[in-house]
Each structure stands twice: as structure tokens, then as C-alpha cells.
Amino acid sequence: MLDYCIRAAGPDDVDGARAVMLDTVYRDFGTGYVPRWHGDIVDPSAAYLAPDRHTLLVALDPADGTVVATAALDSRGPAHPPNPRDLAERYPSGGTAQLRRVYVRPAHRRRGLARRLVADLLAFAAADGGYRAVYLHTDPAVPGAEAFWRSLGKVVHDERDDPGGQGIVHFELAMER
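Numbering-wise, our numbering comes out as the position in the sequence shown, counting from 1, plus 753.
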């Protein structure tokens, strides 16, 4: 693996992180920017840099220093709606570290970046001391996403089994201790 620099994002990284995030929702998700789902992308500083218990990590290309991957964590559990009520109750805000925006530019995939970023987020959650669970959800239509998350955690709800569900798969990951 190339010698990527992975660090907590600072103000100088925000534009590059936003570009990775927006490119991903347009290219990989095919949805484009949807305010009710992607509001944190517009202002990553307010969502992840300002709150004490939140973080945004970036991976920098060793060749030119540009942001090529992101991973974020916040203390907001899954909201109901749109998520199932039992998940909102099981993973309440404040006690839940939710992983978000684990995105890697295509030219930098398959090099272990996402796995390294997630490990650093899990260590951040454990060090916080106030989180009791780590939660995330993914769209299984995104190539490789479901298999990646299954390799790291356990499925706690698969909405493909729900009549009228969103088709989202929900996971819990073990915190590093």
C-alpha cells in the first residue's frame, strides 16, 4: 500500500473532503446531492469538526497531498423515520457513534484505505468513553459496500426483507477497547 497520510481533517481539508463526498453521491449512489440525506456534506466543518465528539478523517494522496478518502463519525443515532423504529430505539443519539461518509476515490480503492479509516474511527469512539455502540447503514446497491461492511460488523437489520423498506442494510461494529 502506498504511504497515505491519514489524519483528522482540519479547515484546509474541508474543500477536498467535500469534493470526495459529492463525487461519491453523484457517481456511486446515482442520487446526486439530496439535502435531507446529505446536509452534512455542504458544511463538514459544522457537522464533524466543531462538535467535540465528532470527527472527520481524511486520507491524502502521497503524490500530491490531495484528499482521496473520507470517513466520519458523529453522535447521532439513526432517526425514525426514515429508519425503522426499533433501530432508533436500539441506537439512541448520544450513546451511539454513527459511521458516515466512508468514501474512497476509485483510483485509490482496493488498497486498504477504508479499512484503515474505519479502524481509526473505532479507536476514536472507544477513546471517547461515552459511546456504547457503533452503528452504520449502507446501500447494498453500491458495488462492494455490503461485502465490505459484512467483513467488519454484523447485520442488525436488512430492510430488503421489509415490505416498503428502503432497501438499506444496517450494521453494528465492535468498538476497539
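Yeah, the Cβ is synthetic: ideal placement off N, Cα and C, and Gly gets one too.
Around the beta carbon of G906, 16 or more other beta carbons lie within 10 angstroms, which makes this residue buried. In terms of Cβ geometry, L875 and V887 form a close pair [threshold 8 Å]. A contact is defined here as three or more CB-CB pairs under 8 Å, and the stretch 832-839 fails this definition with respect to the stretch 774-781.
A direct Cα-Cα distance of roughly 21 Å separates L813 from D793.
For H910, the CB contacts under 8 Å within the same chain, skipping 5 residues up- and downstream, are P837, D839, L840, V922, H923 in chain order. If you compare the alpha carbons of C758, A898, Y757, H791 with that of A772, the shortest gap goes to H791.
Listed in chain order, the non-local C-beta contacts of Y884 below 6 Å within the same chain comprise A850, A878, local neighbours out to five positions each way being set aside. A Cβ-Cβ contact shorter than 8 Å links V811 with A762. When beta bridges are read from the DSSP output, R853 appears opposite A825. When rounded, the separation of the alpha-carbon atoms in D914 and E925 is 18 Å. Taken atom to atom, the span from the alpha-carbon of R853 to that of A880 is near 18 Å. Within its own chain, no residue has a Cβ closer than 6 Å to the Cβ of A900 once the five positions on either side in sequence are excluded. C-alpha of A770 to C-alpha of A800: approximately 13 Å in a straight line.
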